[in-house]
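According to the working numbering, the stretch in the sequence shown is residues 45 to 252, in order.
Glycine is no exception: its CB is placed at the ideal position from the N, C-alpha and C atoms.
All of these numbers come straight from a predicted model, not from anything done at the bench.
Presented below is the structure to which this report refers.
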Amino acid sequence: MTQIFSEDGNVIPVTLIEAGPCYVVQKKTKEIDGYNAVQLGFGELDERKITKPALGHLEKAGVPSLRHLAEFRGSDDDLEVGQKVDAGIFAVGQLVDVIGTSKGKGFAGVVKRHHFAGGLKTHGQSDRHRAPGSIGAGTTPGRVFKGMRMAGRMGGKRVTASNLEVVIIDPDRNLVAVKGAVPGAKNGLVIVKEARKTRKTRPSKSGN
């Protein structure tokens, strides 16, 4: 993350994303595969570090050796197999969804994981300050319901940051700056796609 200044002098927190170059590795059609999709590849690497089946799949498309492959549902007649896709497909002001894997934080208690308040700090309690408290009733129902918020492994899950605004595009360096933060650690792999649900503006309140 970094920050930029708008023309009126306001500070805008942004995240820089290397959005390419990506290559169209495969196009799936409803007639052959049962659905429409486009497979993109990213991250060039030495062909000695890739398996022979994957190498044959990439050579068939006429693209270099790529580390990551991702499939995007939907048909796109503008893209052809072997075509290079860069940051120029985005536009300033466009809303996008950024999908990534959140930082793994290991085993965490309920205070850190679910923001519980913890137990009382007085009235004789000396060992329940960060305990979860009751997790269910007794004889009825006689079990703990699924989904009960308890201690456990925190982070390391697929997270989507929705409706992030594209602030800057640098096609020469394949950089896209989006407003705000994105899931995951630095140098993590993310997917940037067109926003699925656009923001709804609240109606303005008019006084009498």
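Among the residues of its own chain, which have a CB less than 8 Å from the CB of residue i, if the five just before and after it don't count?
| i | result |
| --- | --- |
| Val-69 | Gln-83, Leu-84, Gly-85, His-101, Leu-102, Ala-105, Val-107, Leu-110, Leu-113, Val-125 |
| Arg-187 | Gly-180 |
| Met-198 | Gly-148, Lys-149, Gly-150, Phe-151, Ala-152, Lys-156, Arg-157 |
Taking DSSP as the reference, what is the three-state secondary structure of residue i?
| i | result |
| --- | --- |
| Glu-91 | helix |
| Gly-150 | strand |
| Thr-245 | The predicted position of Thr-245 is uncertain, since its pLDDT is 48 and thus under 50; no value can be drawn from it. |
| Glu-62 | strand |
| Lys-72 | strand |
| Glu-103 | helix |
| Lys-96 | helix |
| Lys-223 | strand |
| Gly-132 | helix |
| Lys-165 | coil |
| His-158 | helix |
| Glu-124 | coil |
| Lys-237 | strand |
| Gly-144 | strand |
Quick check: the Cα distance between residue i and residue j, rounded to an integer number of angstroms?
| i | j | result |
| --- | --- | --- |
| Thr-245 | Lys-230 | Legend: pLDDT at Thr-245 = 48, less than 50; position of this residue unreliable, no value from coordinates given. |
| Gly-162 | Arg-193 | 13 Å |
| Asn-80 | Val-140 | 21 Å |
| Lys-190 | Val-129 | 44 Å |
| Thr-73 | Arg-117 | 10 Å |
| Gly-200 | Thr-242 | 26 Å |
| Gly-134 | Val-222 | It is Phe, not Gly, that sits at residue 134 in the sequence shown. Going from the Cα of Phe-134 to the Cα of Val-222 covers about 11 Å. |
| Ala-152 | Val-203 | 18 Å |
| Ala-239 | Asp-77 | 26 Å |
| Asn-207 | Gly-53 | 23 Å |
| Thr-46 | Leu-89 | 28 Å |
| Glu-75 | Lys-156 | 50 Å |
| Ser-170 | Phe-49 | 50 Å |
| Leu-123 | Arg-172 | 59 Å |
| Pro-185 | Gly-150 | 31 Å |
Identify, in the order they occur along the chain, each residue of the same chain with its Cβ nearer than 6 Å to the Cβ of residue i, setting aside the five sequence neighbours on each side.
| i | result |
| --- | --- |
| Asp-120 | Val-82 |
| Ala-131 | Ala-63, Gly-64, Ile-213, Pro-215, Asn-218, Val-220 |
| Lys-237 | Asp-141 |
| Gln-127 | Val-68 |
In or out: residue i buried (at least 16 other Cβ within 10 Å) or exposed?
| i | result |
| --- | --- |
| Gly-148 | exposed |
| Leu-233 | exposed |
| Thr-166 | exposed |
| Ile-61 | buried |
| Gly-196 | exposed |
| Lys-71 | buried |
| Gly-228 | buried |
| Thr-59 | buried |
| Val-136 | exposed |
| Val-226 | buried |
| Val-55 | exposed |
| Ser-168 | Ser is not the amino acid found at residue 168; the sequence shown has Gly there. Burial call: exposed. |
| Gly-144 | buried |
Using C-beta distances below 7 Å, list every residue in its chain close to residue i, excluding the 5 sequence neighbours before and after it, in chain order.
| i | result |
| --- | --- |
| His-158 | Arg-193 |
| Val-154 | Phe-160, Pro-176, Arg-193, Met-194, Ala-195 |
| Glu-209 | Gly-137, Leu-139, Val-222, Lys-223 |
Legend entry - Within the region 177-212, ranges of the beta strand (DSSP E) (whole runs, at least 3 residues): Runs found: 196-198.
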